[in-house]
Structure formats: C-alpha cells, structure tokens
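Engineer: Everything in the sequence shown is counted per our numbering, starting at 942 for the first residue and increasing by one. From the three backbone atoms N, C-alpha and C, an ideal C-beta is built for every residue, glycine too. Every value quoted in this text rests on a predicted model; they were computed, and no experiment measured them. Pasting in a structure now, in structure tokens, and then I'll have a few things to ask.
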Amino acid sequence: MSKDNRTIEILQKNLDEDMAWRIRELSILKTKIPPQKGTEQDVLIRAGITTLYAHWEGFIKYAAECYLQFVSLRKLNYHELDYCFVALSSRKSINELIKTNKFKLQKEMIKNLLDNLENRAYIPYENIINTKSNLNFEVFTDICTILGIDDSDYQLKQKAIDEQLLTQRNKIAHGKYLTK
942 MSKDNRTIEI LQKNLDEDMA WRIRELSILK TKIPPQKGTE QDVLIRAGIT TLYAHWEGFI
1002 KYAAECYLQF VSLRKLNYHE LDYCFVALSS RKSINELIKT NKFKLQKEMI KNLLDNLENR
1062 AYIPYENIIN TKSNLNFEVF TDICTILGID DSDYQLKQKA IDEQLLTQRN KIAHGKYLTK
C-alpha cells in the first residue's frame, strides 16, 4: 500500500477514489450488456459477475488494509486501543503461546502486555487481511472482527454474499454454465 492514511480525511479520500474506479468499471460493463437475450448477453453477464466479485474482494481487502494502516499510524498506546488491535499487535506472541503449554511463558507474555500498556503499540497492517481468494460471509466477518467492526448490520446480507455472488462466481470460475 503506497498511500499513507495518516488522517481520516486522507483515509476517506483513498477509499472514495478506490470505490469510484470500481463503480465506474462496473457501470461501463453494465451498459455493454444488451437487453435482448442471447449469447452476447450471457457472456457479458458472466463477465459482470466475475468482475463484481473481484471488486467486492478487492475493495474489502483494500479498505481493511487502509484502515489498519490508519490506526497504526495514529501511534496510540496499548491502553488506548480496542481489544482487537491489542490482539493483532500481540498475535506473534499469542501464536507462540499456543504452541507451548509452559505456564512460565504464558505468565511472561501477560506480564509484558500489562507492563507495557502505556507504551506505543505496533499494529501491523501489511499482509494481515486474507480474503482466502474466496471472500464468503465467514471470511468477511473474520475481517470485521480484526478491524473491531460489529458485523451484525451485515447479517442480512449473508445469503446474498454466499449464495448469489460467491456461488455464481465460483460456478463461472470453475467453467460451469449459468442457468437462468
């Protein structure tokens, strides 16, 4: 990610610009779809579905990375952060603890965390968001959790994401013909 999201205004501008080119591209593709049924319409609808999915996955990943960068560049101390960002900044230590049952290491990690609440947190933002090349609702909610976003507003969209967009995209990607 090349653009530094140091302020909320820069973050918003970067997200707006990214969303704008994606909408523009989808709008152009939509105008090319002929109203009459036939092979050309089928081909362009298939192209539209795969492009829509690519923009869905691409924007979610880009927006999440931009937001993580924004939070990281705010240079906050641990005690100023939401739990998700403390967990993210402690992820390496947590993963090491999972591999061991040694209480001494667990105690040291907790002590280190509590002793450093007044210190500046390092929040990684590169290579954190993984859409798994299959951005279904479960992966989307995992990303929301990483960012500290309540996903309850999106629960009603689960069927549209998984059954309409993702299933259709996967059928196309695996060479299946879409039936009406």
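For the alpha helix (DSSP H) that contains LYS971, what are its first and last residues?
Structural biologist: In the sequence shown, counting from the first residue as 1, residue 971 sits at position 30. First-last of the alpha helix (DSSP H) with LYS971: 949 to 973.
Engineer: Please give the ranges of any alpha helix (DSSP H) in the stretch 1006 to 1054, keeping only runs that are unbroken, at least 4 residues long and fully inside the region.
Structural biologist: 1024 to 1030, 1032 to 1039
Engineer: Have a look at ASP983, PHE1011, GLU1079 and flag the residue whose alpha-carbon is nearest the alpha-carbon of GLN1099.
Structural biologist: Residue mapping note: residue 1099 aligns to position 158 of the sequence shown, counting from 1. The shortest C-alpha to C-alpha distance from GLN1099 to any of ASP983, PHE1011, GLU1079 is the one to GLU1079.
Engineer: So ALA1062 and LEU1022 are supposed to be a Cβ contact under 8 angstroms. How far apart are they, rounded?
Structural biologist: Within the sequence shown, residue 1062 is the residue found at index 121, counting from 1. Within the sequence shown, residue 1022 is the residue found at index 81, counting from 1. Going by Cβ atoms, the distance from ALA1062 to LEU1022 rounds to 6 angstroms, so yes, they are a contact pair.
Engineer: Here's a check: name, in chain order, each residue in its chain whose Cβ is nearer than 6 angstroms to the Cβ of GLN931, leaving out the five neighbours to either side.
Structural biologist: The displayed coordinates of the chain run from 942 to 1121. Any statement about residue 931 would go beyond what the structure contains.
Engineer: Can you tell me which of LYS978, GLU950, PHE1011, ILE964 puts its alpha carbon nearest to the alpha carbon of LEU993?
Structural biologist: Reading the sequence shown from its first residue, position 52 is the one you call residue 993. It is ILE964.
Engineer: Quick check on this structure: which residue in THR1041, LEU1009, ARG987 has the alpha carbon closest to the alpha carbon of THR1120?
Structural biologist: Here residue 1120 refers to the residue found at position 179 of the sequence shown. Selected option, being the one with the closest Cα: ARG987.
Engineer: Which two residues bound the contiguous alpha helix (DSSP H) that contains ILE1087?
Structural biologist: Within the sequence shown, numbered from 1, the residue matching residue 1087 stands at position 146. It spans 1078 to 1088 - the alpha helix (DSSP H) in which ILE1087 sits, taken as one unbroken run.
Engineer: Whole angstroms are fine: how far does the CA of THR948 sit from the CA of ILE969?
Structural biologist: Walking along the sequence shown from the start, residue 969 turns up at place 28. Walking along the sequence shown from the start, residue 948 turns up at place 7. The alpha-carbon atoms of ILE969 and THR948 are separated by roughly 32 angstroms.
Engineer: Leaving out five residues before and five after ILE1001 in sequence, what residues of the same chain have Cβ atoms less than 7 angstroms from its Cβ?
Structural biologist: Within the sequence shown, the letter at position 60 stands for residue 1001. So the list reads THR1072, LEU1076, PHE1081, ILE1084, once near-sequence residues are dropped.
Engineer: Determine which residues share a DSSP beta bridge with ARG1061 and list them.
Structural biologist: Locating residue 1061 in the sequence shown gives position 120, where the first residue counts as 1. The partner list for ARG1061 (beta bridge, DSSP) reads ASN1018.
Engineer: Name the residue from TRP997, ASN1053, LEU1106 whose alpha carbon lies nearest to the alpha carbon of SER1034.
Structural biologist: Here residue 1034 corresponds to residue number 93 of the sequence shown, with the count starting at 1. If we check each option's Cα against that of SER1034, ASN1053 comes out closest.
Engineer: Taking the beta carbon of LEU1097 as the centre, do at least 16 other beta carbons fall within 10 Å, making it buried, or is it exposed?
Structural biologist: The sequence position of residue 1097 within the sequence shown is 156, counting from 1. Per the 10 Å Cβ criterion, exposed.
Engineer: With distances taken Cα to Cα, identify the nearest neighbour of VAL1012 among GLU958, ILE1102, TRP962, GLY1089.
Structural biologist: Position 71 of the sequence shown holds residue 1012. When only C-alpha atoms are compared, the closest one is GLY1089.
Engineer: So what does DSSP say about ASN1111, is it helix, strand or coil?
Structural biologist: Locating residue 1111 in the sequence shown gives position 170, counting from the first residue. ASN1111 falls in the helix class under three-state DSSP.
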